[in-house]
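Quick note: the sequence shown uses the numbering used here, first residue 4, plus one each step.
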Amino acid sequence: MLKLNVNTNLGNQEIKLSDNSTGQLSGVRIPVGMGQQVVQWTFISTGQKHENFVYTGQLSEGQIINSMNNSDQYKIHLEK
4 MLKLNVNTNL
14 GNQEIKLSDN
24 STGQLSGVRI
34 PVGMGQQVVQ
44 WTFISTGQKH
54 ENFVYTGQLS
64 EGQIINSMNN
74 SDQYKIHLEK
């Protein structure tokens with residue numbers, strides 16, 4: 004399992020993983036009706052070292068996200 008260090012003040016950011024590899028995390032707000040929005044997060048590993056993921060919703064401390072084909076697991080760590 005890889006720890007993903009996320010800066011909660013940034014929407015799009017370079018991420019350093021617990022194995023010292025890097026990736027790009029992007030957040031896009033998507034309208035879901037009645038004035039509400041949800042964020043879709045996309046992670047792409049630099050150099051394709053790890054498998055990518057797409058997640059829709061709010062990220063929380065300690066949350067586990069599986070990659071697209073379940074090859075990798077990411078544990079969210081929120082930096083302040």
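Quick reminder that beta carbons are idealized off the backbone N, C-alpha and C, glycines included.
Which first and last residues belong to the beta strand (DSSP E) in which residue i is found?
| i | result |
| --- | --- |
| I36 | According to the sequence displayed, residue 36 carries Gly and not Ile. It spans T25 to G36 - the beta strand (DSSP E) in which G36 sits, taken as one unbroken run. |
| Q76 | Q76 to E82 |
| E17 | Q16 to K19 |
| S48 | Q39 to S48 |
Have a look at residue i and residue j and give me their C-alpha separation to the nearest angstrom.
| i | j | result |
| --- | --- | --- |
| S70 | S63 | 17 Å |
| H53 | N72 | 11 Å |
| P34 | L5 | 30 Å |
| Q40 | V31 | 10 Å |
Could you name the residues that DSSP lists as bridge partners for residue i?
| i | result |
| --- | --- |
| K6 | K78 |
| N73 | Per DSSP, none; premise fails for N73. |
Report the option in the options whose CA atom is closest to the CA atom of residue i.
| i | options | result |
| --- | --- | --- |
| Q76 | R32, N12, L20 and Q27 | L20 |
| Q27 | Q43, G36 and T49 | T49 |
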